[in-house]
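The opening position of the sequence shown corresponds to residue 501 in this note's numbering, with each subsequent residue numbered one higher. Built from N, CA and C at the ideal position, the CB exists for glycine as well.
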Amino acid sequence: CFLLSFCSIILAQENEDWLPADTIYQWGIEAYFENDDEFTAQCSLYLWNASKFYLNNNEHKTALKYAFSERDLSLIKYGKYSHQYAMSLGNIAKIHEAIGLYFEASDYNKQALDIEFAICGKDSTSFITPLHNFACNVSACGGDYIAIDFMKSAIYYKNKANYPQE
Numbered sequence: 501c502f503l504l505s506f507c508s509i510i511l512a513q514e515n516e517d518w519l520p521a522d523t524i525y526q527w528g529i530e531a532y533f534e535n536d537d538e539f540t541a542q543c544s545l546y547l548w549n550a551s552k553f554y555l556n557n558n559e560h561k562t563a564l565k566y567a568f569s570e571r572d573l574s575l576i577k578y579g580k581y582s583h584q585y586a587m588s589l590g591n592i593a594k595i596h597e598a599i600g601l602y603f604e605a606s607d608y609n610k611q612a613l614d615i616e617f618a619i620c621g622k623d624s625t626s627f628i629t630p631l632h633n634f635a636c637n638v639s640a641c642g643g644d645y646i647a648i649d650f651m652k653s654a655i656y657y658k659n660k661a662n663y664p665q666e
């Protein structure tokens, strides 16, 4: 199952012929209800990769369709308070940022940051990427002074990850 799904991702990338997001999403839902965690995860990965493919090809509307399908599948499989769901929100934010919708991007990045905070508490390296992304969005919206504080926090967690306390 894993190998078949992985091969389909590679073939889709080479042929630029991705299966429709709603089809893969439906397969993921069916696999989830059949307790096939491996295939559900592969459907999620397929949607994630497809959204990145379309983002890289500047097909933002299609990229969002795949990203939202992946987010919905992650919500069902992992729940709202999971790293996977937070990463899905970050992916959606990245697409909004590419379109120039910085306020929307910062909203998705803020949601991802809130989820990571709820999962991990105050001391976690999981904050590095959401803090950095949120700081960049806030800066793009004109909030440089606020962005600096968020970036300092991201640097703090990055340094903490590189130099763990004993």
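Collapsed DSSP secondary structure at Glu-570 in the structure displayed: helix
Close Cβ partners of Ile-599 (< 6 angstroms) along its chain, the five nearest in sequence each way excluded: If we look at Ile-599 and ignore the five residues flanking it on each side, its Cβ neighbours are His-560.
Backbone CA spacing between Ile-524 and Asp-536 [nearest angstrom]: Cα to Cα, Ile-524 sits roughly 14 angstroms from Asp-536.
Buried/exposed call for Pro-520, threshold 16 Cβ in 10 Å: exposed
Complete alpha helix (DSSP H) runs within the stretch 591-652 (minimum length 4 residues, chain order): 602-620 and 628-640
For Lys-561, three-class secondary structure by DSSP: helix
Burial state of Glu-538 (16 or more Cβ within 10 Å): exposed
Cα-Cα separation between Ile-576 and Ile-619, rounded to whole angstroms: 17 angstroms
Reference Tyr-566, options Phe-533, Cys-543 and Tyr-578, closest by Cα: Measuring from the Cα of Tyr-566, the nearest candidate turns out to be Cys-543.
Cβ distance (whole Å) where Ile-595 is taken to contact Leu-564 below 8 angstroms: 5 angstroms
Close-in-space but distant-in-sequence residues of the same chain around Leu-545 (CB under 6 angstroms, 5 per side omitted): none
Residues near Ser-606 in its chain [Cβ-Cβ closer than 7 angstroms; skip 5 each side]: Residues of the same chain with a CB within less than 7 angstroms of the CB of Ser-606, apart from the 5 flanking positions on each side, are Phe-634, Asn-637, Val-638 and Cys-641 in chain order.
For Ser-569, the nearest candidate out of His-583, Pro-630 and Ile-529 (CA to CA): Ile-529
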